[in-house]
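Going by the working numbering, the first residue of the sequence shown is number 113, and it counts up by one from there.
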Amino acid sequence: MAEAWRRLTEWPRHGEAVPLTRVTVVPAAPTRQGTVVVVRTGLGPFAFDDTMEVTVWRPPEGDVSGLCRLEKRGRVVLGWAEIEVRPGPGGRTRVLWREELRVRLLPGFFDGVLERAARYVFGRAVNRLLRRA
113 MAEAWRRLTE WPRHGEAVPL TRVTVVPAAP TRQGTVVVVR TGLGPFAFDD TMEVTVWRPP
173 EGDVSGLCRL EKRGRVVLGW AEIEVRPGPG GRTRVLWREE LRVRLLPGFF DGVLERAARY
233 VFGRAVNRLL RRA
């Protein structure tokens with residue numbers, strides 16, 4: 113679990129896993145409650161910041177699950193994300209990524225499309241982060 117946790121919560125690595133994305137962390141390591149993660153997504157003038165604050169930081173210990181919750185505080189993207197690692201069968205690790213995502217000024221009609229797109233993008237990112245040391 114500890115290795116999966118490390119790979120998923122080294123925030124700058126997310127920029128390597130998600131196209132057109134750069135990540136800044138304030139303060140720099142180590143992450144703790146109150147850490148701010150700024151994800152800049154886009155190209156040139158067509159970019160925006162997804163600012164998130166770590167509100168829960170509970171790394172895994174032994175066989176006890178780990179949980180990180182990020183509250184989105186930006187001007188464009190709202191909601192929250194949670195990363196949880198827990199013991200899985202056969203000594204493996206089970207990873208849960210939950211997210212509630214809203215885009216300011218985007219009508220609710222688009223919620224389903226946004227949810228499916230986010231699931232696809234973040235699912236691929238999580239897989240990349242877990243595969244790369």
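C-beta atoms are modelled at their ideal positions from N, C-alpha and C, and glycine is treated no differently.
- In the DSSP annotation of this structure, the continuous segment of the alpha helix (DSSP H) that includes Leu120 starts and ends at Ala114 to Thr121.
- Under the three-state reduction of DSSP output, Gly186 falls in the coil class, being neither helix nor strand.
- For the pair Ala116 and Leu242, the CB atoms are nearer than the 9 Å cut-off.
- If you draw a straight line from the Cα of Arg134 to the Cα of Gly191, it is about 20 Å long.
- Exclusion of the five residues before and after Pro124 leaves Val135 as the residues of its chain whose Cβ lies within less than 6 Å of its Cβ.
- Per DSSP, the unbroken beta strand (DSSP E) holding Leu155 starts and ends at Val148 to Leu155.
- DSSP places Val130 outside both helix and strand once states are collapsed to three, so it counts as coil.
- Contact between Thr121 and Val137 does not hold, since the beta-carbon distance rounds to 10 Å and is not under 8 Å.
- The residues Val168, Arg170, Glu194 and Glu196, in chain order, have a CB closer than 7 Å to that of Leu179 in the same chain once the five nearest residues on each side in sequence are set aside.
- The three-state secondary structure of Pro199, taken from DSSP, is strand.
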